[in-house]
Amino acid sequence: MADVEIVGSGPNGLAAGVVMARAGLTVRVHEASGTIGGGSRTLELVEDGHFHDVCSAVHPMALASPFFRAFGLSRRIGFAVPEVSFAHPLDSGRAGVAFRSLDRTVEGLGSDGQAYRRLMEPLMQREEEILAFVLNHVLRLPGKPEAALRFGLAVLDQGSPFWNRRFRTEEARALLTGIMAHPVGPLPSLTGAGAGLTLGLLAHTVGWPIPVGGSQSIVDAMAADIRAHGGEMVVDSRIDSLAELGSAKVVLLDVAPKALVRLARGRLPVAYERAINRFRYGNAACKVDYILSGPVPWANAEAARAGTLHLGGTRAEIAAGEAAVAAGKHPDSPYVLVSQPSLFDPTRAPEGRHTLWTYCHVPGGSTRDMAEAVTRQIERFAPGFRDVVVSSYTTTAAGLETYNANYVGGDFGSGAVTLRQMLARPVPSLYPWATPLKGVYLCSQSAPPGPGVHGMAGFHAARLALRREFGLKVPALGPA
Ligand SMILES: Cc1cc2nc3c(=O)[nH]c(=O)nc-3n(C[C@H](O)[C@H](O)[C@H](O)COP(=O)(O)OP(=O)(O)OC[C@H]3O[C@@H](n4cnc5c(N)ncnc54)[C@H](O)[C@@H]3O)c2cc1C
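Each residue of the sequence shown is one higher than the one before, starting from 670 at the first, in our numbering.
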């Protein structure tokens, strides 16, 4: 019997496993699927030699999160950091472009350049303090209130109905809207602005890196560390009841709250179970992966050098698309995220071929294949795109849940990103990782700080469990 049993091998489950194994405890990780990784798997979906990131693809947090910095991830795996972090093509070949260099971005934004600098530069100067704040629990007092205040003012600037005041050009407005639409939901919103501005500031500090070998490299590095410290990974091991885990001193659950209720089988106090049943899942993604016979023929030259692109047109168009999804509809012109990994990492496809990663926002539970709508949206900004498509592979929102039970209805955040659910994730508590069951902790993205491959939900849960159950502190996590 292990000291610590972990259910789920997503980035958070593995981050928790690293902390526990490094503390000298015996760790066993159970994974329902045949391979480890949760939302960070890389698979040959269609043809041999063509590797697709099934879920996460772009990883600013892999270089910036306090957990990954302590773990020394950038010394364990390779990252390709594109010179253009993200681009937002508009009609007639125009585009808003976020270079890694703030100066180049400002220059490219013309008359809105200085307004963009005034928004972003103060955040970039406080990167570490802002990350410490946003990657913690919002109910915790910020260590550096001045940085949190600066961040809060920027969030109000872009997350309120007055969001158009700062910028005059569509390029700048659209550039910001593309990042703020990452968490699915109506725009403008404070949560969208919070997520977007964090991603925006990182675009100009660490960049938006693409892991060499795919997102799988990130989880493989954590799994290797757990094994090196005596831990064990058990695949094809779906846990249906906590009783299956015997008398482990600590159980860490990398699952959605819905699954926590099921696993506990009536052992949760009524008030807690009622609170957790109020937790809402959000709208969803439909994923479309492509194999291409050449690069995407973007009309805008800088778009061709971007690691990531946001499609959907102007700020108003994207807000309309997000409003449609919120109303349960499939927009004709959806918001589409695109990553071009094989431009930067040759391991992803045979020479001459490319893999293209895309998804668009759809209502939760959708079974609609959005491949045609996504292809149309890419063709709009890259005429001739259809000619380079060799094949495509769709995972509908409902299919995402089949792939990973944590993505309830295809909600890739395992819980809607709303103001209420950032305060109560999954319940209102100063220690939301702890459940009322002795030794049982929730360590998934359904707990603070929420979605993204940062490992921080796993880190916070493991740190709390180490202290409460073993009286231990977090050990050194870096490579030997
Ligand atoms: C299409 C898509 C694109 C994304 N793009 C990005 C991106 O570019 N960058 C980024 O940072 N994030 C991205 N994300 C989000 C990211 O993948 C998640 O935030 C992250 O994976 C959450 O990690 P987690 O450890 O909390 O859970 P998960 O990664 O969901 O892992 C949970 C694991 O637990 C297993 N499990 C669940 N129940 C059980 C059980 N009962 N028994 C055993 N095992 C179980 C599941 O099979 C799964 O492997 C994307 C997500 C999707 C779906």
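Each residue gets a CB set at the ideal place from its N, CA and C atoms; glycine is no exception. Keep in mind it's a predicted model, so treat the numbers as computed, not measured.
In this structure, ligand 1 has no non-hydrogen atom nearer than 7 angstroms to the beta-carbon of Q1009. The segment 717-730 and the segment 1017-1028 touch, with no fewer than 3 CB-CB distances between them shorter than 8 angstroms.
Going by C-alpha positions, V807 is about 31 angstroms away from T774. Proximity of the beta carbon of F1081 to ligand 1 is indicated: a heavy atom of the ligand is located closer than 7 angstroms. Between I887 and L742 a beta carbon distance of about 7 angstroms is seen, short of the 8 angstroms cut, so the two are scored as contacting. Taking the C-beta atoms as reference points, L961 is found no nearer than 8 angstroms to L866.
Here Y950 is near G1084, since their CB atoms are less than 8 angstroms apart. The three-state secondary structure of D923, taken from DSSP, is coil.
Proximity of the beta carbon of L804 to ligand 1 is not indicated: no heavy atom of the ligand is located closer than 7 angstroms. For I675, the enclosing beta strand (DSSP E) starts and ends at 673-676. Contact check for G1147 against A739 passes: the beta carbons are separated by less than 8 angstroms. The segment 725-764 contains, as complete alpha helix (DSSP H) runs of 4+ residues, the segments 729-733, 735-740, 742-745 (chain order). T1027 is the residue among D889, A989, T1027, D772 whose C-alpha sits nearest the C-alpha of V1007.
The beta carbon of M1039 sits closer than 6 angstroms to the beta carbons of C955, C1029 from its chain, once the five residues preceding and following it are set aside; these are given in chain order. Within the chosen limit of 7 angstroms, ligand 1 does not reach the beta carbon of H1030 with any heavy atom.
In this model, A684 and L818 are separated by some 29 angstroms (Cα to Cα). Note: Y1028 is bridge-paired with K956, L1006 in the DSSP secondary-structure output. As for any beta strand (DSSP E) of minimum length 3 sitting wholly inside the segment 866-947, the runs are 901-903, 919-922, ordered along the chain. With fewer than 16 neighbouring CB atoms inside 10 Å of its own CB, E1041 falls in the exposed class.
Between F748 and I879, the gap from beta carbon to beta carbon is short of 8 angstroms.
Between T1063 and Y1072, the CB-CB gap reaches or exceeds 8 angstroms. Residue pairing by DSSP places F768 opposite V753 in a beta bridge.
Taking every protein chain shown into account, the CB of E674 has 16 or more other CB atoms within 10 angstroms, so this residue is buried.
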